[in-house]
Amino acid sequence: MKPEDIKRSENKVYCKPELLNDTPMHYCPGCSHGVVHKLVSEVIKEMGAEHIAIGVAPVGCAVFAYSYIDIDWIEAAHGRAPAVATGAKRLNPSRLVFTYQGDGDLAAIGTAETIHAANRGENIAIIFINNAIYGMTGGQMAPTTLEGQVTATTPYGRRVDLNGYPLKISNLLAQLPGTCYVTRQAVHTPASVRKAKAAIRKAFENSLAGHGTSVVEIVSTCNSGWKMSPAKSNEWMVEHMFPEYPLGDLKNDTER
Amino acid sequence: MAKVIGAVEINHERCKGCDLCVVACPTDVLSLQPKEVNNRGYHYAYTANPEKCIGCASCALVCPDACIEVYRVVEK
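First to last, the sequence lines map onto chains B and D. Quick note on our numbering: the first sequence kicks off at 1 and runs consecutively. Quick note on our numbering: the second sequence kicks off at 1001 and runs consecutively.
Set out below in structure tokens:
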């Protein structure tokens, strides 16, 4: 069978999600953000929620998410996405409201907003991209940076006596009674991409059902910030990030 | 036994040559162009061994830029 005979619409098993538009993404080659954008678009389309979805993207690499996914977006100040999402969800309770934040945003400047939104049990979904570094500003140390990890501001590696320990913010959020679903996923292999998609779908369903705050942490790579090739940074992530940030559900308490 | 044949279509202009699809492919179908570049200067991915494709969509799932379309037929 020739490739031309196979490439027919009835044989198509995978294509670019409809909600993801043709604008080329500004992310570096191999960035995990692209995969997560794809998953968000697919999940919203599958739920038929493209007309009721509101995304809140604060400052970070994902600040231009509104250019790529064709749903309603709100830009928030750095770290303030959960606060803005709180307002959006309280005024429009029937909408699917989610935030899309990085680790510098959610775990550093927006710690207060994140923890208080989760503690109030706001019916929002939080997608948290954890790449252990400030990617957008040039690879500086973030609270989630691993011990000994070399970054632009810790050229000899992060020292715990000077900079403290890596902040496992999802574990903190899982302790709060306001959260209903806290999970940690990755998108480095086809299997993990499928699992991450299921987790995002569940978080969005929780938001619509009003179970409380859902947090989906995606352990991801920042190959530019880590100064590695995309394939090498996936290996580095498996070797170094996963022992510190093990994958799996931290809390699954949706029967309330 | 039914044989599964696949084919992939790569949007070369959208591709950034990150190499993740090449690593993810279980049957070595894909490769990066060694010399050719697209309009944005990236060594884009292409199907070096199209006859080996099984249509598993592993490449498309891990592609951060959603450049890959996957087709699959089951030959009886």
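Ideal Cβ placement from N, Cα and C applies to all residues, glycine included. Note that this is a predicted model, so its numbers are computed, not measured.
Would D:Asp1065 pass as an interface residue toward chain B - the criterion being a Cβ-Cβ separation below 8 Å?
yes
Exposed unless 16 or more other CB atoms sit within 10 angstroms - verdict on D:Asp1065:
buried
Whole beta strand (DSSP E) runs in the stretch 1010-1057 of chain D with 3 or more residues, listed along the chain?
1030-1032, 1045-1047
Scan the stretch 1046-1063 of chain D for residues whose Cβ lies nearer than 9 Å to a Cβ of chain B and list them as they occur along the chain.
Thr1047, Pro1050, Glu1051, Cys1053, Gly1055, Cys1056, Ala1057, Ser1058, Cys1059, Ala1060, Leu1061, Val1062, Cys1063
What residue from B:Cys28, B:His33, B:Leu20 has the CA that sits closest to B:Val193's CA?
B:His33
Neighbourhood of B:Pro143 by C-beta, 6 Å cutoff - its chain only, sequence neighbours within 5 removed:
Ala107, Ala108, Leu167
Following the continuous beta strand (DSSP E) through B:Thr179, name the residue where it begins and the one where it ends.
179-186
Using a Cβ cut-off of 9 Å, which residues of the stretch 1019-1032 of chain D contact any Cβ in chain B, in chain order?
Asp1019, Leu1020, Val1022, Val1023, Ala1024
Mind pulling the chain B residues with CB within less than 8 Å of D:Ile1005?
Met1, Ile6
What separation, rounded to the nearest whole angstrom, lies between the Cα atoms of D:Ser1058 and B:Leu162?
42 Å
When burial is assigned at 16 or more other CB atoms within 10 Å of the CB, is B:Glu42 buried or exposed?
buried
B:Ser214 - containing beta strand (DSSP E), residue span:
213-219
Quick one: does B:Lys12 have its CB under 8 Å from some CB of chain D?
yes
First and last residue of the uninterrupted alpha helix (DSSP H) at B:Tyr263
A question about residue 263 of chain B goes unanswered here, because the residues of chain B that appear run from 1 up to 256.
Pairing CB atoms from the stretch 182-199 of chain B with CB atoms from the stretch 231-248 of chain B, are three or more of them under 8 Å?
yes
Assuming B:Gly55 contacts B:Tyr100 under a Cβ cut-off of 8 Å, what Cβ separation, rounded to an integer in Å, is found between them?
6 Å
Within this structure, are the beta carbons of B:Cys31 and B:Met136 separated by less than 8 Å?
no
Check whether B:Lys89 and B:Ile124 have beta carbons under 8 Å apart:
yes
Is B:Lys45 close to chain D, meaning its C-beta is less than 8 Å from at least one C-beta of that chain?
no
My output table needs one value for B:Ala142: the three-state DSSP class, helix, strand or coil.
coil
Along chain B, which residues have their Cβ under 7 Å away from the Cβ of D:Gly1017?
Pro29
Per DSSP, what are the beta-bridge partners of B:Gly121 in this structure?
The partner list for B:Gly121 (beta bridge, DSSP) is empty, contrary to what the question assumes.
Span of the alpha helix (DSSP H) holding B:Asn163?
160-163
Using the rule of at least 16 other Cβ atoms within 10 Å of the residue's Cβ for burial, across every protein chain shown, is B:Leu91 buried or exposed?
exposed
How is the alpha helix (DSSP H) around B:Ala77 delimited, first residue to last?
Per DSSP, B:Ala77 belongs to no alpha helix (DSSP H) and is neither H nor E.
Range of the contiguous beta strand (DSSP E) that encloses B:Glu147:
It is not in any beta strand (DSSP E) - B:Glu147 carries neither H nor E in the DSSP assignment.
Return the residue from the list B:Asn11, B:Val215, B:Asp253, B:Pro58 that minimises the CA-CA distance to B:Ile127.
B:Val215
For B:Thr23, does the three-state DSSP call read helix, strand or coil?
coil
Do you know how far the Cα of B:Ala76 is from the Cα of B:Gln149?
30 Å
Closer than 8 Å by beta-carbon distance: list the chain B residues that pair up with D:Glu1036, in chain order.
By Cβ distance, chain B contributes nothing, its closest Cβ being about 16 Å from D:Glu1036, past 8 Å.
Between B:Met25 and chain D, is the shortest Cβ-Cβ distance under 8 Å, so that the two count as touching?
yes
Whole angstroms is fine: what's the gap from B:Ala203's alpha carbon to B:Lys7's?
35 Å
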